[in-house]
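**Student:**
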Amino acid sequence: MVTIANSNDSQSDISCAQAIEVFEKLNYYFVDEPVIANHKRAPVWLGIIIAFAYSMVIIFGAFGNILTIFIVLRNKSMRTVQNFFIINLALGDFMICTITAPITFFNISFTFWKYGNALCKFVSSIGGFNIFLSTFSITAIALDRYFLVIFPTQQQRQKFFSIVLFALIWIISLLLSIPIVIVSSSTMFYEVEYCNLTLYLCNENELAWEKMPFSKLSYTISIIVIHYAFPIVSMVFAYTKIASRMHERFVHRNNTKLIGEDANNRRKHVAERQRRTNFLLASLVLLFAVAWLPFNIFHMLLSLKVITYSGTLFALCHLMGMMSACLNPVCYAFFNQNFRNELFIILHKLKLRKNSNVNVVNRNDYSATVKKSTIGNTNNLHHKSVSTVVMPDNSLKISIDNKSKNRSISECAPDTIPMVPISSHQSTTEVTTSLVEDEKIVEEGEIEILLE
């Protein structure tokens, strides 16, 4: 027989079968009927809603991020240093959706742990590692774009800086996760020897924290500063500088005395694109700040002992952060025309495979079709297919593709337009047309480079 305190704090003897049944009920967080007094729980209907929310995060987040990785890797022209930051972000978000999200929901739903100490340490630390990897990738993308736009002529330094950033992302994410590995353990909560019943909890051991060279509170504050405040400051700084740089170029172009209806239309088009780009940059900052704010506030208040742990509140705050992992592929990948074109090609090929009466076209033929359908649209200067602009004397051609577009930005000074040799037979109108065409290369590339 086992002695257990009931809700009236009186002692009663119950059998081993009854004890096991009671502890099994205590194991569930989402229950409708209380087992003992002061048992923190949530209703089953709320558990169903939270389970559905986590399922949506897992499905849509995993699909969007794995699709982003697939699109970049299948296209050689998109395997740039800048796009590997996108892959790194997508990989971190994919692991958040497929590993962190299920593990977190499992830990919320069940109180006791029965999978050993090693697995306890792994599941406790992998969630933080994945979150660090994602947030630091977002920071690296912002800083990499900053150096790419503000210092376009320093290609070698940009490449070295990108490699250093890439390595730091993984190293810092790993180092910040090590303390959680050390302090997390599977500790015995209750044992009934005669019933062969032992209950364990997987949590952070307070005694282990006391042996650390820093306190739990100082670690929490440091994590919030490094993983939340620093990325926001970096993104605000980088994207503000980028927006300012683009605005300066736009003002400089307006002050250039280029005449004609085409020049005016060009200015309007660039102004509209600049507004859209500025809106996107601001959205990236707001998405990150809003998504992870509740999660960090919850941990801060918990460390300060202002609140006690609540599985429901933690789940809501955690789901807010998970939304960032689902929306990042949309903001960082699918807003890019190159990604959308690749996705369109994939969907088109899948559609053709389902239709047995239609011959499957090859990739080059379809790329040519995309090019033909976008002639005259300045938004599509960065297609993989080569677009040629013939000058009036037929002596000069400007070829633009993904690689030459980046090179055209890097080879010109930040505040100058690449000049075209002027033939003695060219009129003022012809020269103006040449300058406008070159202006398109620089401005389109400078805007599009933000999303590559």
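In this text, residue positions in the sequence shown follow the working numbering: the first is 3, and each later residue adds one.
From the three backbone atoms N, C-alpha and C, an ideal C-beta is built for every residue, glycine too.
1) Under 8 Å, do Ser179 and Phe134 count as touching if we go by C-beta distance?
2) Are there 16 or more other CB atoms within 10 angstroms of the CB of Val308, so buried, or fewer, so exposed?
3) Quick one: which unbroken alpha helix (DSSP H) runs of 4-plus residues sit fully inside the region 306-365? Chain order, please.
4) Quick one, are the C-beta atoms of Phe96 and Ile68 less than 8 Å apart?
5) May I have the straight-line CA-CA distance separating Phe300 from Cys319, to the nearest angstrom?
6) Is the Cβ-Cβ distance between Phe239 and Thr141 less than 8 Å?
7) Between Arg76 and Ile174, what straight-line distance do the alpha-carbon atoms span, to the nearest angstrom?
8) With H, G and I counted as helix, E and B as strand and the rest as coil, what does DSSP make of Glu206?
9) What's the gap between the Cα of Ala64 and the Cα of Cys99?
10) Taking the alpha-carbon positions, what's the Asp34 to Ala44 distance?
11) For the beta strand (DSSP E) that contains Tyr192, what are its first and last residues?
12) Could you tell me which residues DSSP puts in a beta bridge with Phe112?
13) Identify every residue that forms a DSSP beta bridge with Thr141.
14) Taking the C-alpha atoms as reference points, what is the distance between Val272 and Phe252?
15) Compute the distance between the beta-carbons of Tyr56 and Phe112, then report whether it is under 8 Å.
16) What are the uninterrupted segments assigned as alpha helix (DSSP H) that are 4 or more residues long and contained completely in the region 53-114, given in chain order?
17) The alpha helix (DSSP H) spanning Lys218 covers which residue range?
18) Please check if any C-beta of chain D sits within less than 8 Å of the C-beta of His301.
19) Exposed or buried, Ala335, counting other C-beta atoms within 10 Å across all chains shown (16 or more means buried)?
20) Does the pairing of the region 314-331 with the region 120-138 give three or more beta-carbon distances under 8 Å?
21) Exposed or buried, His254, counting other C-beta atoms within 10 Å across all chains shown (16 or more means buried)?
22) With DSSP as the reference, please indicate the residues paired to Ala273 in a beta bridge.
23) For Tyr202 versus Phe114, is the C-beta distance shorter than 8 Å?
24) For Arg147, count neighbouring Cβ atoms within 10 angstroms of its own Cβ and tell me buried if that reaches 16, exposed if not.
25) Check the DSSP bridge columns for Ile283 and list the partner residues they point to.
26) I need the straight-line Cα distance from Leu1 to Gln84, nearest angstrom please.
27) What residue from Thr200, Leu295, Ala245 has the CA that sits closest to Ile226's CA?
28) Does DSSP put Thr458 in a helix, a strand or coil?
29) Taking all protein chains shown into account, decide if Gly94 is buried (16 or more other Cβ within 10 angstroms of its Cβ) or exposed.
30) Round the Cβ separation of Leu283 and Tyr241 to the nearest angstrom and send it over; I've been treating them as touching at under 8 Å.
31) Given that a residue counts as buried once 16 or more other Cβ atoms are within 10 Å of its Cβ, and exposed if not, what is Ala455?
32) Going by the CB atoms, is the gap between Asn90 and Ile171 shorter than 8 Å?
33) What does DSSP give as the partner residues of Thr200 in its beta bridges?
**Tutor:** Looking at the coordinates:
1) yes
2) exposed
3) 313-331, 339-356
4) yes
5) 7 Å
6) no
7) 29 Å
8) strand
9) 6 Å
10) 7 Å
11) 186-194
12) Tyr30
13) None, per the DSSP bridge assignment.
14) 8 Å
15) no
16) 83-97, 103-111
17) 218-226
18) The question asks about chain D, but that chain is absent: this structure has only one protein chain.
19) buried
20) yes
21) exposed
22) Answer is none; Ala273 lacks a bridge partner.
23) yes
24) buried
25) It should be pointed out that residue 283 corresponds to Leu in this sequence rather than to Ile. DSSP, once it has assigned bridges, lists no residue as partnering Leu283.
26) Not covered by the structure: residue 1. The range shown for the chain is 3 to 454.
27) Leu295
28) In the structure displayed, the chain extends from 3 to 454; residue 458 sits before or after that span and is not available.
29) buried
30) 4 Å
31) The structure shown does not extend to residue 455, since the chain spans only 3 to 454, so no value can be given for it.
32) yes
33) Glu193
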